[in-house]
Each structure stands twice: as structure tokens, then as C-alpha cells.
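Undergrad: Take a look at this one; I'll ask things after.
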Amino acid sequence: AQSVTQPDIHITVSEGASLELRCNYSYGATPYLFWYVQSPGQGLQLLLKYFSGDTLVQGIKGFEAEFKRSQSSFNLRKPSVHWSDAAEYFCAVASYTNAGKSTFGDGTTLTVKP
Amino acid sequence: DVKVTQSSRYLVKRTGEKVFLECVQDMDHENMFWYRQDPGLGLRLIYFSYDVKMKEKGDIPEGYSVSREKKERFSLILESASTNQTSMYLCASYAGQRLEKLFFGSGTQLSVL
């Protein structure tokens, strides 16, 4: 069965500092991986996705993620965090033929200090 | 861009009431999903539908049913609401193509008193 682990429930960083959110997955075949962001009172918005090719994926809002097959990880990074990045972040895994059956991690809440 | 609209942002119901959560998408997507979101538990799939009048159970279907009479609309039904169904409910749609993504609505925060 597929699963996603986000080890950090809550992370606090200062504005302008770098950010890394961790994601580990378990999937029997080639994984199709996502990072979503949820701002307060909003639905989930896709930041980026990865299936194949360059293992460093660029997304919206200056985010990037690196796929490491050997570590079963898909960590999200941003070099300089803005106050508007405060939100909840979800990592997800699915089959590339059916993103609708995504399995989500429990989420990481990001707080940004001024 | 695709729009997924959930009819209510906040809903307060009493135990035992029948509750309808409505979701409409405007991009002719065949696939629609209902998720439940609880703190520390991420998103869990309740039901999904690949076509009109078609439905399949997700990971946590107990206490819920769904209806899909038209392609654009997918309803989640709580036949007899209970306090443990207090949660954020998210609807999503998906075109069904390979390497596509889910489009989410803004969610309905349901409180059952």
C-alpha cells in the first residue's frame, strides 16, 4: 500500500530564511509525487509535481523539490521564505495514471516569524 | 482555470440531521472526489466517482453516501450526522488524463452539534 510521511508537524522559520519540508513516501511502482499548499480558509493548491526526468523540480511561488529515489524522499525547499508562505503543506503520492487516488501526508504547518 | 465550487463554506448541523454537501466543477471533468481533512490526519478519501451515476468507496466511506446525477455535480450525503463527522470536507475533480493533477474546492467546514 502506498503511504506518505511528513515527519515535521510544525515548522517555524524567520522571514528571509531558507526552508526545507521533508516528505518520505512508500510506493510499489514509479511514484507520481506532489506538493500542495493550503492557506487558511482555502482549498489545496498545487505547488509542483514530479514523475520523471530531472529530479529537481521547479514549482510556483519560488518553491522547488528534489526527488531522491534511494531515500524515498521528495523534500520541498525555498531559499528565502516570505510571510505569505505561512500555510499548511501536504505531500502526496499517486499512480501517474490516476492522480485522483492520491495518498496524502498528514501535513506540515509553516509559521513565519517577522 | 478549472473552478471547483463547494456551496457552503461553513455549515452547522445537529446530531441526527441529514446533511448534503454540494460540489460543482465547470471543466467537464469525469472524475470527482470527496475528502475529509482532520488535524494531524491529512486528507482521507471518502468516496469518488468516475462517471455519472457511478461511485466507489474510498478509504473511509462509513456514515457517508454520494450522488452523481450530472457530470458537473457531486454530492456528499450524511444520512444521520454525528459529532465525529465534524470536519473540513474538500471536493476535488480531475480530468482523468495521465500526469494530470487534482483541482480542489475551498472546502466546507462542517460542525455537528
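Chains as they are written, first to last, in my numbering: chain W, 1308 to 1421; chain C, 155 to 267.
Each residue gets a CB set at the ideal place from its N, CA and C atoms; glycine is no exception.
No experiment lies behind these values; they were computed from the predicted model shown.
Confirm, please, whether the CB-CB distance from C:Q179 to C:V158 is below 8 angstroms.
TA: Residue 158 of chain C sits at position 4 when you count from the first residue of the second sequence. Residue 179 of chain C sits at position 25 when you count from the first residue of the second sequence. Yes; because the gap between Cβ atoms is below 8 angstroms, this pair is in contact.
Undergrad: So C:S260 and C:R163 are in contact, right, with Cβ under 8 angstroms, and what is the actual spacing, rounded?
TA: Against the second sequence, residue 260 of chain C aligns to sequence position 106. Against the second sequence, residue 163 of chain C aligns to sequence position 9. Contact holds; Cβ gap of about 7 angstroms.
Undergrad: Please decide whether W:D1315 counts as near chain C, where near means a Cβ-Cβ distance under 8 angstroms.
TA: Counting from 1 along the first sequence, the entry for residue 1315 of chain W is found at position 8. It does not: the Cβ of W:D1315 has no partner Cβ on chain C nearer than 8 angstroms.
Undergrad: Once the 5 residues before and after C:K209 are set aside, which same chain residues still bring their CB inside 7 angstroms of it?
TA: Stepping through the second sequence from its first residue, residue 209 of chain C is reached at position 55. Only Y201, S203, V220 and R222 meet the Cβ criterion.
Undergrad: 8 angstroms is my cut-off, CB to CB: does W:A1372 come that close to chain C?
TA: Locating residue 1372 of chain W in the first sequence gives position 65, where the first residue counts as 1. Taking Cβ atoms only, chain C never reaches closer than 8 angstroms to W:A1372, which makes this a no.
Undergrad: Taking 8 angstroms as the cut-off, does the stretch 167-178 of chain C touch the stretch 1323-1335 of chain W (at least 3 CB pairs, one atom from each stretch)?
TA: With the cut-off at 8 angstroms, the stretch 1323-1335 of chain W and the stretch 167-178 of chain C do not touch.
Undergrad: The beta strand (DSSP E) spanning W:A1393 covers which residue range?
TA: Your numbering for residue 1393 of chain W matches position 86 in the first sequence. No beta strand (DSSP E) holds W:A1393; DSSP gives it neither H nor E.
Undergrad: By DSSP's criteria, C:G196 is part of a beta bridge. Which residues make up the other side?
TA: Within the second sequence, the letter at position 42 stands for residue 196 of chain C. Bridge partners of C:G196: C:D192.
Undergrad: Report yes if the C-beta distance between C:R227 and C:D213 is below 8 angstroms; otherwise report no.
TA: In the second sequence, counting from the first residue as 1, residue 227 of chain C sits at position 73. In the second sequence, counting from the first residue as 1, residue 213 of chain C sits at position 59. No, they are not a contact pair.
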